[in-house]
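When the letters of the sequence shown are read in order and numbered with this note's numbering, they come out as residues 2 to 599.
Quick reminder that beta carbons are idealized off the backbone N, C-alpha and C, glycines included.
What you are looking at is a predicted structure, and each value in this text was computed from that prediction instead of being measured.
For reference, the structure is listed below as structure tokens.
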Amino acid sequence: MRQLRGRILLFFLILFGAFSIIFFYISSNVFTDQGLNQQASGLEAQLRTLQSQLDGTISDSTELPELINDLKRAEAVISERITLISLTGDVIYDTHVDQSELENHLNRPEIQAVLSGEDLGTYDRISSSTDDFRYYAAVPLSNADGERIGILRLSKRVEEMVGFSDELVRYFLLFITISLLLTILFTFYWTKRIGDPIEEIKHVAKKLSHRKYDARYQSTSYREIDSLGGTINNLAGNLQGQMQEIAQNDKRMRELINHLVIGVLLLDENRQITMVNPVMNEILGENLYGKIGHSYLEVFKSYGLNQLIEAAYEGNELQNREVSLLLQDEKIVDANIVPIPGRLQNTTNYIVLLYDITEIRRLEKVRTDFVANASHELRTPITALKGFSETLLDGALEDREVLIEFLEIMLKESSRLDLMVQDILQLSKLEQKQIRLNVESIKAGAVAREVFQILQQKAELKKIDLMLIDEEDVSLEVDHDQLKQIVLNLVGNAVSYTPEKGTVRVEISYQEQEAVIKVIDNGIGIPPEEQSRVFERFYRVDKARSRNAGGTGLGLSIVKYLVDNLNGYIELNSQVGKGTTFEVHLPLEFKNKFMPPN
Ligand code: ADP
Numbered sequence: 002m003r004q005l006r007g008r009i010l011l012f013f014l015i016l017f018g019a020f021s022i023i024f025f026y027i028s029s030n031v032f033t034d035q036g037l038n039q040q041a042s043g044l045e046a047q048l049r050t051l052q053s054q055l056d057g058t059i060s061d062s063t064e065l066p067e068l069i070n071d072l073k074r075a076e077a078v079i080s081e082r083i084t085l086i087s088l089t090g091d092v093i094y095d096t097h098v099d100q101s102e103l104e105n106h107l108n109r110p111e112i113q114a115v116l117s118g119e120d121l122g123t124y125d126r127i128s129s130s131t132d133d134f135r136y137y138a139a140v141p142l143s144n145a146d147g148e149r150i151g152i153l154r155l156s157k158r159v160e161e162m163v164g165f166s167d168e169l170v171r172y173f174l175l176f177i178t179i180s181l182l183l184t185i186l187f188t189f190y191w192t193k194r195i196g197d198p199i200e201e202i203k204h205v206a207k208k209l210s211h212r213k214y215d216a217r218y219q220s221t222s223y224r225e226i227d228s229l230g231g232t233i234n235n236l237a238g239n240l241q242g243q244m245q246e247i248a249q250n251d252k253r254m255r256e257l258i259n260h261l262v263i264g265v266l267l268l269d270e271n272r273q274i275t276m277v278n279p280v281m282n283e284i285l286g287e288n289l290y291g292k293i294g295h296s297y298l299e300v301f302k303s304y305g306l307n308q309l310i311e312a313a314y315e316g317n318e319l320q321n322r323e324v325s326l327l328l329q330d331e332k333i334v335d336a337n338i339v340p341i342p343g344r345l346q347n348t349t350n351y352i353v354l355l356y357d358i359t360e361i362r363r364l365e366k367v368r369t370d371f372v373a374n375a376s377h378e379l380r381t382p383i384t385a386l387k388g389f390s391e392t393l394l395d396g397a398l399e400d401r402e403v404l405i406e407f408l409e410i411m412l413k414e415s416s417r418l419d420l421m422v423q424d425i426l427q428l429s430k431l432e433q434k435q436i437r438l439n440v441e442s443i444k445a446g447a448v449a450r451e452v453f454q455i456l457q458q459k460a461e462l463k464k465i466d467l468m469l470i471d472e473e474d475v476s477l478e479v480d481h482d483q484l485k486q487i488v489l490n491l492v493g494n495a496v497s498y499t500p501e502k503g504t505v506r507v508e509i510s511y512q513e514q515e516a517v518i519k520v521i522d523n524g525i526g527i528p529p530e531e532q533s534r535v536f537e538r539f540y541r542v543d544k545a546r547s548r549n550a551g552g553t554g555l556g557l558s559i560v561k562y563l564v565d566n567l568n569g570y571i572e573l574n575s576q577v578g579k580g581t582t583f584e585v586h587l588p589l590e591f592k593n594k595f596m597p598p599n
């Protein structure tokens, strides 16, 4: 901007200089002409006055010298040079120069003009006699008869005549200097008044281009510049608004992607990772944020998935397939590779979407296994019933002893069948969330005593002691029937899998915000490798023993399901030959009083 200011200043100076010179030239000419005319007419008037005084005073040219005395008198009042010239050009008298030194003036233009009959002859030139620039005016002198008998001439130095004095030049220079100073001052002022706001606008625009959207034009200047500044401010405001919107959208998009239950990964046109969400990290069991900018091949170790991505890149179209990833545990994912337009023109980026369906597939397997297992389990008692009834019908009916024995077996098998069907039904109801919870404050000890009553006979048969330790008289918010079912299944198992004369102890206590119910026996125990599986449906460590004990293989599955639903958890501690402890942890306050409606 300084450069521009300098240029404007220089331009004005040149313009001013040129105008000054032209003005000086024109006005000097005008002054000269005006002065010349004025003084010429003054000189001429003097000449005419003198002429009128001398005209008719002599009769012919020989008497011209008689006029010298008159001229000498006139010299006292007329300071200009007076010359008396004969018609032949000889100088008769000159007030300023000795006439003897003067040459013949016949060829002087003013003389020539008079001789040719003009009334007035004028001319300006450098005088050869006085050696200065002079204005000459000549008139004829006549006798009383009007005959021309001589020539009278007045001359004046031109500089004197022009009167373009040093004073005028001084004034003129003073005027120019002041004007020049004012021009510089005003040019500086205007250029600053215009230049500074433009500089500010430039500054604001620069800041905007550097993404500093809060920059604004604040100066006040001329309306046009302020309006330009206002436009820049509007632009900045719009830009700021748009940027905020973009940032907000970006934030929303990130939040959305980060909270999606699907793993998301973005690949650019060079097959490099540009974005990843937390679920993708979870699925792959690896922190992928450090892999941004790396090739996807460093991340996905699955041949099937890589093939799918390559197919998307080659065909530039959406790909979808169920792929299994061989990570620490096998994971099954529903993979979608979606092409989207890239940041650069004519490029395509790809979104890799992985939906972890391992659990879905596992549950599907559990269900199909359950159907197979349930059919298998149900077939055993049904086969027995069918076999015994056929044998009876084939004639064994006649033998009363065999009949009673068979009928007892059939009763036992049908009870087992009944138990199993009841358990299956209960599990299916629980899974379908058909059971409504009736949560109330319950004394856990009272529930244990109810269970002891039910199992008293079974325990007595095996001479097993049932003990309850509930020193803190624990109470908790829970569904009574479900808690009873949990304790019944655990204590029932403890009695079943503890040899005669053993003990089964129920210990109830508070632990922080939980009620802990421990069912401890000193029975046969569960081998370590089986411990994680006993909660599976129909899983039994020893099938024969379980069947003899009247087990269905579903008791612990039901317990696990109920405990989960009551927001608790169950732990198992067991040593083969020494005994088993099941530890149920339940919250004292139940959060969701009712299961969601089906
Ligand atoms: P079941 O009806 O066969 O008892 P459960 O689901 O209740 O079925 O138990 C699964 C298996 O866990 C049982 O078959 C048994 O082998 C083992 N088990 C359960 N409780 C105990 C225990 N207290 N002591 C030893 N083994 C047990």
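- L477 is a Cβ neighbour of L587, given a cutoff of 8 angstroms.
- Buried is the label assigned to S156, since at least 16 other Cβ atoms lie within 10 Å of its Cβ.
- In the DSSP assignment, T359 falls within the unbroken alpha helix (DSSP H) covering T359 to L394.
- When DSSP reads this structure, N350 sits in a beta bridge with I341.
- Collapsing the DSSP output to three states places N566 in a helix.
- Contact between N234 and R217 is confirmed by a C-beta separation of about 5 angstroms, below the 8 angstroms threshold.
- For the 8 angstroms CB-CB criterion, I383 and I338 do not form a contact.
- Residue pairing by DSSP puts G264 in a beta bridge opposite L355.
- V479 is bridged by DSSP to E441.
- With a threshold of 16 other beta carbon atoms within 10 Å, P66 falls short and is exposed.
- Spatial neighbours of L88 in its own chain (CB-CB distance under 8 angstroms, excluding positions within 5 residues in sequence) are listed in chain order as S62, L116, R149, I150, G151 and I152.
- Its chain contains H586 as the residues whose beta carbon lies nearer than 6 angstroms to that of Y570, once the 5 sequence neighbours on both sides are disregarded; these appear in chain order.
- Contact between the region 214-231 and the region 190-201 is present: 3 or more CB-CB pairs across the two stretches fall below 8 angstroms.
- In the structure shown, Y137 adopts extended strand secondary structure according to DSSP, grouped into three states.
- Residue state for P528 is assigned as coil, using DSSP reduced to three classes.
- Looking at the DSSP output, P588 bridges to E515.
- Approximately 6 angstroms separates the beta-carbon atoms of G503 and G524; this is inside 8 angstroms, confirming the contact.
- In the DSSP assignment, N523 falls outside any alpha helix (DSSP H) and carries neither an H nor an E.
- Taking 8 angstroms as the cut-off, the Cβ atoms of A139 and I112 count as close.
- Taking C-beta atoms under 8 angstroms as the contact rule, A75 and L51 qualify, at a distance of about 6 angstroms.
- DSSP places I202 in the uninterrupted alpha helix (DSSP H) bounded by D167 to S210.
- Residue state for I112 is assigned as helix, using DSSP reduced to three classes.
- Residue state for T581 is assigned as strand, using DSSP reduced to three classes.
- An exposed status is given to N321, since fewer than 16 other beta-carbon atoms sit within 10 Å of its beta-carbon.
- Going by DSSP, G305 is part of the alpha helix (DSSP H) stretching over Y304 to G316.
- DSSP, read as helix, strand or coil, puts G151 in strand.
- Given a length threshold of 3 residues, each whole run of the beta strand (DSSP E) inside the region 408-472 is given here in chain order: 440-444 and 466-470.
- For R538, there is no enclosing alpha helix (DSSP H), since its DSSP letter is neither H nor E.
- A distance criterion of 7 angstroms places the beta-carbon of Y562 beyond contact range of the ligand ADP, judged by its closest non-hydrogen atom.
- Look at D95 here: in three-state DSSP terms it is strand.
- At least one heavy atom of the ligand ADP lies less than 7 angstroms from the C-beta of S497.
- Less than 8 angstroms separates the beta-carbon of D125 from that of R135.
- Taking the Cβ of G503 as the reference point, every heavy atom of the ligand ADP lies at 7 angstroms or farther away.
- Secondary structure at Q52: helix, using DSSP grouped into helix, strand and coil.
- Using a Cβ-Cβ distance cut-off of 8 angstroms, the region 434-450 and the region 497-517 are in contact, since at least three pairs of beta carbons, one from each stretch, lie closer than that value.
- Annotated three-state conformation of V403 is helix, per DSSP.
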